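J.: First the structure, which I've put down as structure tokens, then a few questions once you've had a look.
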Amino acid sequence: MDKHLLLDLVTPEGSLFSGQARHVILTTLWGDVGIYPGHAPLLAELGPGPLRVYDMQGEEQIYFVPAGFLEVQPGRTIVLADTALRAQDLDKVAAEKAKRDAEAEFAAHHDRESADHVARAAAMLRTLHELSLSRKGNIKR
Numbered sequence: 003m004d005k006h007l008l009l010d011l012v013t014p015e016g017s018l019f020s021g022q023a024r025h026v027i028l029t030t031l032w033g034d035v036g037i038y039p040g041h042a043p044l045l046a047e048l049g050p051g052p053l054r055v056y057d058m059q060g061e062e063q064i065y066f067v068p069a070g071f072l073e074v075q076p077g078r079t080i081v082l083a084d085t086a087l088r089a090q091d092l093d094k095v096a097a098e099k100a101k102r103d104a105e106a107e108f109a110a111h112h113d114r115e116s117a118d119h120v121a122r123a124a125a126m127l128r129t130l131h132e133l134s135l136s137r138k139g140n141i142k143r
């Protein structure tokens, strides 16, 4: 059995990670999924949440992925994300402003589409908050 997997994290802006990893943990619409070397083929839609890459030295790199797709093939794992942010690049002030904007939009529009948009934004903001706390060592996963 392989001791590593090849991972590509790609956004429309370019590649954020391309290389070997021990394993990856990410959020799909069904819940969190761990991908290890030798994982069965899989295609899944991603939900908003952290993508945790454990490199060959055991170091954790955390990204925030709001949406996208995961494809696991023999020998390669590909994450196609709408966008992705490195956890160390997150800005708590910007996240709080986005939350206020989403709440204002919800108050102004009560239709189903707006409610879905706000629910998705709220999920993203919860994850941003968790990542911010995690980065500061306040919570462990």
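Going by the numbering used here, the sequence shown opens with residue 3, and the numbers climb by one from there.
Where is the CB? At the ideal position from N, CA and C, for every residue including glycine.
Bear in mind that the values here come from a model prediction, so they are computed numbers and not experimental data.
1. Secondary structure at residue 90, three-state DSSP: helix, strand or coil?
2. Which residues in the same chain have their Cβ closer than 8 angstroms to the Cβ of residue 42, if we skip the five residues on either side of it in sequence?
3. Span of the beta strand (DSSP E) holding residue 10?
4. Looking only at its chain, what residues have a beta carbon closer than 7 angstroms to the beta carbon of residue 37, apart from the 5 residues adjacent to it on each side?
5. Going by other Cβ atoms of all chains shown within 10 Å of its Cβ, with 16 needed for buried, is residue 2 buried or exposed?
6. Contact check, residue 47 vs residue 56 under 8 angstroms by CB: the rounded distance?
T.: Once the coordinates are examined:
1. Residue 90 sits at position 88 when you count from the first residue of the sequence shown. If DSSP states are grouped into helix, strand and coil, residue 90 belongs with the helices.
2. On the sequence shown, position 40 is the one that residue 42 refers to. Once the five neighbours on either side are set aside, the close Cβ partners of residue 42 are 74.
3. The residue given as residue 10 occupies position 8 in the sequence shown. First-last of the beta strand (DSSP E) with residue 10: 7-13.
4. In the sequence shown, residue 37 corresponds to position 35, counting from 1. Correct list, in chain order: 7, 25, 26, 74 and 79.
5. Lying before the first or after the last residue shown, residue 2 is absent from the chain, which here runs from 3 to 143.
6. The count along the sequence shown starts at 1 and reaches residue 47 at position 45. The count along the sequence shown starts at 1 and reaches residue 56 at position 54. Rounded, the Cβ-Cβ distance is 23 angstroms, inconsistent with contact.
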